[in-house]
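Engineer:
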Amino acid sequence: MEINQFRKNIPPSFGERVTILSIDGGGVRGVIPGVILAYLEEQLQAIDGKDARIAHYFDVIAGTSTGTGSAEPKKTYNALDAAKWGVLSWMFDAKDRTTPLLDVVFESGRGVAQYHTSVLFQALNAEDNYLRIDVDDLDEADVSMDLSTDANLKNLEKIGQNLLNSEVKRMNLDTFKYEPIEGSKRTYKDELIRFAQDLSEELKKRKANMMVHQTD
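So in UniProt numbering, the last spot in the sequence shown is 216, and the numbers never skip.
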């Protein structure tokens with residue numbers, strides 16, 4: 001019995017991995033991950049043919065919305081200033097027109113999730129199974145969710161292309177910062193090519209195992 005691998009996703013129980021694609025962000029910033037995902041799909045099509053689609057290779061595709069990237073962190077607060085704040089100042093800093101408490105909560109939540117994931121994959125010696133592509137040094141205008149001018153859209157596309165050609169970074173568990181991998185010059189393009197090969201092999205294994213299962 002012939003199975004069309006692109007008609008319906010084959011359950012992960014027939015393979016060796018659970019494949020997850022998580023996209024986070026929002027608004028017009030979706031242009032950045034769009035560039036990255038287009039490149040990944042291009043590599044999958046180079047291996048499995050023009051009918052290959054990203055959705056065929058992932059068991060879970062999740063995220064709050066499309067978008068990759070955040071503004072470069074600003075060192076707005078220091079301990080000396082914060083020590084003098086009352087409840088209102090924590091809620092709204094009139095001097096800088098910011099919301100310190102919300103900034104701390106949202107940034108810490110993002111940081112904890114990234115740290116936990118990095119620790120988990122490193123502890124399992126499975127770092128090559130996890131690829132995070134992010135850019136955290138964007139200008140404020142770049143991270144705007146509704147600035148849909150032609151100039152900004154083209155700029156976001158350029159940022160995505162530059163990100164593809166930049167060196168792969170992983171979280172340093174001592175500094176909590178994403179840093180280039182020591183001794184490696186691999187770019188995100190290189191990693192996406194490798195990922196495409198891994199995803200293709202996983203799908204082929206599932207197809208073969210499912211055929212064996214159906215003939216038993």
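Yeah, the Cβ is synthetic: ideal placement off N, Cα and C, and Gly gets one too.
Fair warning: this is a prediction, and the values are worked out from it, not measured in the lab.
In angstroms with no decimal places, state the Cα-to-Cα distance between Gln-197 and Glu-157.
Structural biologist: Counting from 1 along the sequence shown, the entry for residue 197 is found at position 197. Counting from 1 along the sequence shown, the entry for residue 157 is found at position 157. Rounded to whole angstroms, Gln-197 and Glu-157 show a C-alpha spacing of 25 angstroms.
Engineer: With distances taken from CA atoms, which of Tyr-57, His-56, Glu-42 is nearest Lys-50?
Structural biologist: Locating residue 50 in the sequence shown gives position 50, where the first residue counts as 1. When only C-alpha atoms are compared, the closest one is Glu-42.
Engineer: Check whether the Cβ atoms of Ala-55 and Ser-22 lie closer than 8 angstroms to each other.
Structural biologist: Here the question's residue 55 lines up with position 55 in the sequence shown. Here the question's residue 22 lines up with position 22 in the sequence shown. Not closer than 8 angstroms, so no.
Engineer: Among Arg-194, Ile-193, Ser-166, which one has its Cα closest to the Cα of Lys-185?
Structural biologist: Taking the sequence shown and counting its residues from 1, the one referred to as residue 185 is at position 185. Ranking the options by Cα distance to Lys-185, first place goes to Ser-166.
Engineer: Is the CB-CB distance between Thr-19 and Glu-201 below 8 angstroms?
Structural biologist: Numbered from its first residue, the sequence shown carries residue 19 at position 19. Numbered from its first residue, the sequence shown carries residue 201 at position 201. No, Cβ-Cβ distance for Thr-19 and Glu-201 is not below 8 angstroms.
Engineer: Pairing CB atoms from the stretch 9-18 with CB atoms from the stretch 164-179, are three or more of them under 8 angstroms?
Structural biologist: The stretch 9-18 is not in contact with the stretch 164-179.
Engineer: Once you ignore the five residues that flank His-213 on each side, which residues in its own chain have a CB closer than 8 angstroms to its CB?
Structural biologist: For the purposes of this step, residue 213 is taken as residue 213 along the sequence shown, with counting starting at 1. So the qualifying residues of the chain are Phe-14.
Engineer: Is the beta carbon of Leu-173 less than 8 angstroms from the beta carbon of Val-119?
Structural biologist: Here the question's residue 173 lines up with position 173 in the sequence shown. Here the question's residue 119 lines up with position 119 in the sequence shown. Yes, the pair counts as a contact, with Cβ atoms nearer than the cut-off.
Engineer: Judging by CA-CA distance, which residue of Thr-215, Tyr-115, Asp-93, Leu-37 is the nearest neighbour of Thr-175?
Structural biologist: Locating residue 175 in the sequence shown gives position 175, where the first residue counts as 1. For Thr-175, the nearest C-alpha among the options comes from Tyr-115.
Engineer: Helix or strand or just coil, what does DSSP make of Asp-190?
Structural biologist: Position 190 of the sequence shown, counted from the first residue, corresponds to residue 190. Helix at Asp-190.
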